[in-house]
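>
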Amino acid sequence: MARLRVSVHKFSSCDGCQLALLNRVEEVMRLADRVAFVHFAELGYVNPDAPVDVAFVEGSVSTPEEVMRIRELRKNARTLVTIGACATAGGIQALRNLQADGRAWVAALYPSPEHVSLLGTSHAISRYVAVDLELWGCPVDSRQVFSAIQALALGVMPINPRDSVCMACKREGNVCVLVAHGAPCMGPVTRSGCGALCPRFGRACYACYGPSEQVNGLALTQRLASLGLDPDAIARRFLSINNAAGPFTEAGLRARASQ
Amino acid sequence: MSRQPDVPSSMVFLPHEGLSGLLDHLRSEGYRCLGPVVRDGAIQMEPVAHPDAFPIGFRDRQEKGTYALEDAGDARMFAFANGPQGLKPWLFSPRETLWHVARRGTALAFEPAEIDAAPLAVIGIRSCDLAAIAIQDRHFLGGARPDPAYAARRGGLFVVAVNCTHAGPTCFCVSTGDGPAARAGFDVALTELEDGFVAAAGSERGERALAGLGLAPAGGAREAAAHERVAAAGSAQTRSLPGRDLQAALLANLLHPRWEAVAGRCLSCGNCTLVCPTCFCHCEREEVSSGGASAEHYREWDSCFSEGHAFIHGLQVRPDIRSRYRQWLTHKLGGWHDQFGRSGCVGCGRCITWCPVGIDITEEAAAVCGAATP
Ligand code: SF4
Ligand code: SF4
Ligand code: SF4
Ligand code: SF4
Numbered sequence: 003m004a005r006l007r008v009s010v011h012k013f014s015s016c017d018g019c020q021l022a023l024l025n026r027v028e029e030v031m032r033l034a035d036r037v038a039f040v041h042f043a044e045l046g047y048v049n050p051d052a053p054v055d056v057a058f059v060e061g062s063v064s065t066p067e068e069v070m071r072i073r074e075l076r077k078n079a080r081t082l083v084t085i086g087a088c089a090t091a092g093g094i095q096a097l098r099n100l101q102a103d104g105r106a107w108v109a110a111l112y113p114s115p116e117h118v119s120l121l122g123t124s125h126a127i128s129r130y131v132a133v134d135l136e137l138w139g140c141p142v143d144s145r146q147v148f149s150a151i152q153a154l155a156l157g158v159m160p161i162n163p164r165d166s167v168c169m170a171c172k173r174e175g176n177v178c179v180l181v182a183h184g185a186p187c188m189g190p191v192t193r194s195g196c197g198a199l200c201p202r203f204g205r206a207c208y209a210c211y212g213p214s215e216q217v218n219g220l221a222l223t224q225r226l227a228s229l230g231l232d233p234d235a236i237a238r239r240f241l242s243i244n245n246a247a248g249p250f251t252e253a254g255l256r257a258r259a260s261q
Numbered sequence: 320m321s322r323q324p325d326v327p328s329s330m331v332f333l334p335h336e337g338l339s340g341l342l343d344h345l346r347s348e349g350y351r352c353l354g355p356v357v358r359d360g361a362i363q364m365e366p367v368a369h370p371d372a373f374p375i376g377f378r379d380r381q382e383k384g385t386y387a388l389e390d391a392g393d394a395r396m397f398a399f400a401n402g403p404q405g406l407k408p409w410l411f412s413p414r415e416t417l418w419h420v421a422r423r424g425t426a427l428a429f430e431p432a433e434i435d436a437a438p439l440a441v442i443g444i445r446s447c448d449l450a451a452i453a454i455q456d457r458h459f460l461g462g463a464r465p466d467p468a469y470a471a472r473r474g475g476l477f478v479v480a481v482n483c484t485h486a487g488p489t490c491f492c493v494s495t496g497d498g499p500a501a502r503a504g505f506d507v508a509l510t511e512l513e514d515g516f517v518a519a520a521g522s523e524r525g526e527r528a529l530a531g532l533g534l535a536p537a538g539g540a541r542e543a544a545a546h547e548r549v550a551a552a553g554s555a556q557t558r559s560l561p562g563r564d565l566q567a568a569l570l571a572n573l574l575h576p577r578w579e580a581v582a583g584r585c586l587s588c589g590n591c592t593l594v595c596p597t598c599f600c601h602c603e604r605e606e607v608s609s610g611g612a613s614a615e616h617y618r619e620w621d622s623c624f625s626e627g628h629a630f631i632h633g634l635q636v637r638p639d640i641r642s643r644y645r646q647w648l649t650h651k652l653g654g655w656h657d658q659f660g661r662s663g664c665v666g667c668g669r670c671i672t673w674c675p676v677g678i679d680i681t682e683e684a685a686a687v688c689g690a691a692t693p
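Chains as they are written, first to last, in our numbering: chain L, 3 to 261; chain B, 320 to 693.
(1) Does the segment 449-459 of chain B come close enough to the segment 509-529 of chain B that 3 or more CB-CB pairs lie under 8 Å?
(2) Show which residues of chain L have a CB atom less than 9 Å away from the CB atom of VAL286 of chain B.
(3) According to the Cβ coordinates, are GLY504 of chain B and VAL478 of chain B closer than 8 Å?
(4) Can you find the residues in the same chain that come closer than 8 Å, C-beta to C-beta, to ASP564 of chain B, ignoring five residues on each side of it along the sequence?
(5) Please report the straight-line C-alpha distance between VAL59 of chain L and ALA89 of chain L, rounded to a whole angstrom.
(6) For ligand 3, which residues have a Cβ under 6 Å from at least one heavy atom, in chain order?
(7) Starting from CYS588 of chain B, follow the beta strand (DSSP E) in both directions and report where the run begins and ends.
(8) If LEU570 of chain B and GLY653 of chain B are in contact, beta carbons under 8 Å, what's the gap, nearest whole angstrom?
(9) Going by the C-beta, is LYS172 of chain L closer than 7 Å to any heavy atom of ligand 5?
(10) Give a single yes or no on whether ASN49 of chain L has its beta carbon closer than 7 Å to a heavy atom of ligand 1.
(11) Let me check understanding here. Comparing Cα to Cα, which of B:ASN401, B:ASP343 and B:VAL507 lies closest to VAL710 of chain B?
(12) Look at the alpha carbon of GLY475 of chain B and the alpha carbon of LEU135 of chain L, and state the distance between them as a whole number of angstroms.
(13) With 8 Å as the threshold, decide whether the Cβ of GLY175 of chain L is near any Cβ in chain B.
(14) Using a cut-off of 7 Å between C-beta atoms, extract the partners of THR385 of chain B located in chain L.
(15) Mapping the DSSP letters down to three states, classify LEU532 of chain B as helix, strand or coil.
(16) Using a beta-carbon distance below 8 Å, is VAL594 of chain B in contact with chain L?
(17) For a minimum of 3 consecutive residues, which ranges assigned as the beta strand (DSSP E) are wholly contained in the segment 588-674 of chain B?
(18) At which residues does the alpha helix (DSSP H) containing MET169 of chain L begin and terminate?
(19) Name, please, each residue of chain L whose Cβ falls closer than 8 Å to the Cβ of CYS670 of chain B.
(20) May I ask whether a heavy atom of ligand 1 can be found less than 7 Å away from the beta carbon of GLY189 of chain L?
(21) Using DSSP with H/G/I as helix, E/B as strand and the rest coil, what is THR90 of chain L?
(22) Check this for me: beta carbons of VAL331 of chain B and LEU534 of chain B, under 8 Å apart or not?
(23) Does GLY487 of chain B pass the burial test, meaning 16 or more other C-beta atoms within 10 Å, or should it be called exposed?
(24) Report the residues of the segment 6-39 of chain L with a CB closer than 8 Å to any CB of chain B, ordered along the chain.
(25) With 8 Å set as the bound, which would you pick, yes or no: does the beta-carbon of LEU586 of chain B sit closer than that to a beta-carbon of chain L?
(26) Counting only Cβ pairs nearer than 8 Å, list the residues of chain L close to TRP620 of chain B.
(27) Leaving aside the five residues before and after LEU21 of chain L along the sequence, list all residues of the same chain whose C-beta is less than 8 Å from its C-beta, in chain order.
(28) Could you tell me the distance, in whole angstroms, from the CA atom of THR65 of chain L to the CA atom of ALA110 of chain L?
(29) Are any of the Cβ atoms in chain L nearer than 8 Å to that of ASP679 of chain B?
(30) Using a 10 Å radius around the Cβ and a threshold of 16 neighbouring Cβ atoms, would you call MET396 of chain B buried or exposed?
(31) Against VAL676 of chain B, what residues of chain L qualify as contacts under a CB-to-CB distance less than 7 Å, listed in chain order?
(32) Kindly indicate which residue of L:GLY86, L:PRO53, L:ASN244 and L:LEU255 has the alpha-carbon position closest to the one of GLU74 of chain L.
(33) Using a Cβ-Cβ cut-off of less than 8 Å, give me the residues of the segment 356-370 of chain B that come near chain L, in sequence order.
(34) Is it right to say LEU406 of chain B is buried, meaning 16 or more other beta carbons lie within 10 angstroms of its own, or is it exposed?
(35) Would you report the Cα separation of PHE13 of chain L and LEU137 of chain L, rounded to the nearest angstrom?
(36) Just how far apart, CA to CA, sit GLY340 of chain B and PRO374 of chain B?
This is how it looks when you write it as C-alpha cells:
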C-alpha cells in the first residue's frame, strides 16, 4: 500500500494546532508504514512546495503573501484539510474584519507599522480556495486530527460531527453547568468534537469549536441575559475565537446593537 | 428479572442504619451497588460502598432550566426528586463498542466486543424510571434480536425502588400514570419515614434479601404513614399533560403556529432527549485505528435534534428546529402509542429541568393540543 504523503502548513496562527498534532506524534510515527510527513516544519521536515495527498493547514489568510501561498498550496494538495479556528473561521484575529479599517489596528499595536504587510481582513482558508475538510477547535482536538489522518489514509472521510457540545456533554455524564450553576455555557450553539472538555471540568464552554449545525443565537442570547450578562458580555461570548463564523457574527452583532 | 408477587408480602420496618445491611447482603451476592450521590452539584447514580455516601438531608430545587441542591441537615436519605439521569447510562451505554474488525492478510476478521455484565444493584430508583426501564426493555429486548449488551446488564439488575415522598415542581408522573409509588419491576421497594423505611419485597430474591436482615413487621401505623406520604407527594404535583393519549390531537395539529413559536426558543441542543429515560435513539459509527489495520464499530446516544437523525440518502427531511421539536413531541407523546402501546413520557420532568432554556413539555403539549395548562 502506498504511503499517504502528508504536509502541515502554517498561516496566521499561534501554532497551537500544530502542537496538538505534535502531542500525538509518537502515535503518528507508529503509522510510518502508512503515513509519510513531507513537510511539517515543527517536526523538522521542510519541503513546503512538494505535492502531497493531504495538506493540513493551520492559520488564517491575513497577509498578501498568504493569499499567494494558499493558492499554490491548493494546486499541490489532493486533499486540503483546515485545522483549527483560524484556518476554518478566520480566528480571533478576524475581529479586525468588524472594524471600519482593519489595518488601523496595526498602527495601534506595532511601533513600526510600515514593516508589517497586512490585509485589512483575516479570513478562513475557504474564502480563497476550496477546502475538503474543516476541523474546528482552538486548538483542534489531537485525537480528532489523529483519527482523521487514519481515515484519510484509508481513503474515507473522517467523522466530523456538527451536533452540539451538549450532546457530547450528556454522553460524558457531566452535570450541566448552565442549569445547575448558572454558568454562561455556549455548548448549545457550539459544535461537538472536543468531547465537552470544558464542562467536564465544571467550566462553561466558550465556543472554541464554532457554530453547531443549528444555531439559535437569539434564544441563547435571551438565556444569557436572564443569567445576568449584559449585552456587551453576551456579544463577547459570540464574538470571540470564532467571531467570523456567520451565525456567531450575526448573534454577536445583534447583541451588541441591542445595548 | 424482578416480578410482581401474586400476594403482596408483608411490610417490614428497616431503620435508616439498617440500610447498610442490605447493601452488604447485595455485595455478598456479587452485586455492584449503585446509589444516589452528590457529584458536581447534582444527584447522580454512582457506585456506592455505604449509605453514608447518599445525599442525607439534601433537598433539590428544580424549575424550568434550573437545578440546585441545599442541605436541610436532617436524616432523610431520599427527600429529593430525581437528578439529571435515571438508570439509562447504566443499561443503555452513552457510547459502546459493538464489534471490532481487523485485517488478516486480505481477509477481514470480525469480533464482537466484550460485554461487561457484572451484576448491578441499584438503590433509590423511582417509579417513573422503573416505567421508563420497562419501555426500554421492550425496545432493546422485545424484538427477534434482543440487544446482547443491554440484555446482559438488564438481566442481572437488582432493583431497590424508593417510593417518592417528595416530588419536585417539574415532576408530573401522576398525570402519566407512572408514580409516585412503584408498582412493578422492583425487588425491594422502600418508603421513607423520619427514622427509616417501610420495606416490601417485589420478588423472591427481594424477599430473601429482606428476610436475611431480621426485620420486624412495620405495623399498621407506619404503613399508613408511608401510604400518606406517597399520596401527598402525588397531590403536590402541579404539572400535568393534557391527556394520556395525545396522538390524535398532535397529528391533527401538525401545522399549529405553536411549533414555530417553540422553535424560536429551542436551541436544538438535544439535552431533553439525552436526559429522557425512555429515549433510545443512537447512531452507529466506524473509527479506524492502527493506520487502517483495524476499526471499531460503536454506537452512541443520538437525538432527533441532530442532523443525522433525519438524513436519508441525499435529503435532510427535518432541516429546521421547528420540524425537529415537532418530531420529538409527536413521537414521544404520539407515535409511541403505536410502537409501545403507551406514551413515551413517564412524567419524570427531566427534559423541563435540564433544558438550558427551560422549555416545558407540558406547556407545549397543552398549547398544541388546545388545552389550557392547569
Ligand atoms: S454544560 Fe454546557 S455543553 Fe453541557 S449540557 Fe450544559 S449547556 Fe450544554
Ligand atoms: S467545551 Fe467549548 S470551549 Fe471547551 S474545548 Fe469544547 S468547544 Fe472549546
Ligand atoms: S419526555 Fe420529559 S418528562 Fe417525559 S419521560 Fe422524557 S424527560 Fe421525563
Ligand atoms: S427543548 Fe430544550 S433541551 Fe430540547 S433541544 Fe430544545 S433547547 Fe435543547
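Glycine is no exception: its CB is placed at the ideal position from the N, C-alpha and C atoms. As the structure is a prediction and not an experimental result, all values here were calculated from the model.
This is what the structure gives:
(1) no
(2) The shown model of chain B, from 320 to 693, leaves out residue 286 of chain B, and the question about it has no answer.
(3) yes
(4) HIS656 and SER662
(5) 7 Å
(6) B:VAL594, B:CYS595, B:PRO596, B:THR597, B:LYS651, B:CYS664, B:VAL665, B:GLY666, B:CYS667, B:GLY668, B:ARG669, B:CYS670 and B:ILE680
(7) Where CYS588 of chain B is concerned, there is no enclosing beta strand (DSSP E), given that its DSSP letter is neither H nor E.
(8) 6 Å
(9) No copy of ligand 5 appears in this structure; the ligands present are ligand 1, ligand 2, ligand 3 and ligand 4.
(10) no
(11) A question about residue 710 of chain B goes unanswered here, because the residues of chain B that appear run from 320 up to 693.
(12) 45 Å
(13) yes
(14) VAL181
(15) coil
(16) yes
(17) 601-608 and 613-620
(18) 167-174
(19) Result: empty, since nearest Cβ-Cβ is about 11 Å, beyond 8 Å.
(20) yes
(21) helix
(22) yes
(23) buried
(24) ARG32, LEU33, ASP35, ARG36 and VAL37
(25) yes
(26) MET169, LYS172 and ARG173
(27) GLU44 and PRO141
(28) 18 Å
(29) no
(30) buried
(31) ALA221 and ARG225
(32) L:PRO53
(33) ARG358, ASP359, GLY360, ALA361 and GLN363
(34) buried
(35) 15 Å
(36) 18 Å
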